[in-house]
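Going by full-length UniProt numbering, the residue at position 140 of the sequence shown is 140; the numbering climbs one at a time, nothing skipped.
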Amino acid sequence: HDFIGEFSTSYREMCRSQSQFHVYEVLNPKKKGKKKKKYLNSGTVTLLSCLVDTELSFLDYIRGGTQINFTVAIDFTASNGNPSQPTSLHYMSPYQLNDYAMALRAIGEIIQDYDSDKMFPALGFGAKLPPDGRVSHEFPLVRSCFTQHPAIHQSTYLGPRS
């Protein structure tokens with residue numbers, strides 16, 4: 001390969017060219033140094049646009065004032081199994097938290113520092129609730145995320161989701 005030429009610019013200069021294109025002369029120092037007066041350049045490079053895409057981190061958003069509100073929704077459909085059975089994803093053992101509760105606690109302990117009111121609404125869906133046994137697609141879990149709404153103990157879990 002033969003060396004054609006070179007040009008130099010700066011980040012600042014390229015960014016100044018955002019609103020209009022900028023042409024750079026490509027020069028070959030060996031050709032320019034010779035006494036040939038006809039040599040102007042070895043070509044040009046035209047910068048049509050310059051876009052700097054910044055990838056922001058989670059902390060960049062927090063520093064910028066982003067507010068986070070953590071809300072939990074728990075699936076009470078029968079596809080999770082009967083909560084009174086240890087094989088259920090919702091089984092509440094008297095000795096340890098289930099996987100869902102452990103995940104909610106782990107996330108809550110981190111996210112609470114970024115949630116301005118530190119209140120985490122907890123909702124449930126997919127159960128037939130008393131008194132009339134109607135299917136509810138959204139209902140509040142009045143107590144904390146880790147204890148179920150009193151009505152849930154008397155509810156009927158729906159069949160597998162379609």
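Cβ coordinates follow ideal geometry from the N, Cα and C atoms, glycine included. Keep in mind the model is a prediction, meaning the values are calculated, not measured.
Just to confirm, are residue i and residue j a CB contact at a threshold of 9 Å?
i: Cys15; j: Val52; result: yes
i: Val23; j: Leu40; result: no
i: Tyr114; j: Ile68; result: yes
i: Phe58; j: Gly124; result: no
i: Thr116; j: Lys128; result: A quick correction: the sequence has Ser, not Thr, at residue 116. Cβ atoms of Ser116 and Lys128: not closer than 9 Å.
i: Val3; j: Leu27; result: What sits at residue 3 in the sequence shown is Phe, not Val. Contact: no.
i: Phe70; j: Gln112; result: yes
Using 10 angstroms around the beta-carbon of residue i, count the other beta-carbons present and answer buried if the total reaches 16, otherwise exposed.
i: Ile110; result: exposed
i: Ile62; result: exposed
i: Gly64; result: exposed
i: His90; result: buried
i: Asn80; result: buried
i: Gly159; result: Note that Gly159 scores 44 on pLDDT, short of 50, meaning its location in the model is unreliable and no value can be drawn from it.
Going by DSSP, what residue range makes up the alpha helix (DSSP H) through residue i?
i: Leu89; result: It is not in any alpha helix (DSSP H) - Leu89 carries neither H nor E in the DSSP assignment.
i: Asp60; result: 58 to 63
i: Ala106; result: 99 to 111
i: Cys15; result: 11 to 16
For the beta strand (DSSP E) that contains residue i, what are its first and last residues?
i: Glu25; result: 22 to 26
i: Lys31; result: Taken as a continuous stretch (DSSP letters only), Lys31 belongs to no beta strand (DSSP E), being part of the alpha helix (DSSP H) at 29 to 33.
i: Leu123; result: 122 to 125
i: residue 175; result: Since the first and last residues shown for the chain are 1 and 162, residue 175 lies out of range.
Note down, in chain order, each residue of its chain lying with its Cβ closer than 7 Å to the Cβ of residue i, except the 5 sequence neighbours on either side.
i: Glu138; result: Leu123, Phe125
In chain order, what residues of the same chain have a beta carbon less than 6 Å from the beta carbon of residue i, not counting five sequence neighbours either side?
i: Lys31; result: Tyr39
i: Gly5; result: Val26, Leu27, Asn28, Ser42
Between which residues of its own chain and residue i is the CB-CB distance below 8 Å, once the five residues before and five after are set aside?
i: Thr44; result: Val23, Tyr24, Glu25, Val26
i: Phe21; result: Thr46, Leu47, Leu48, Ser49
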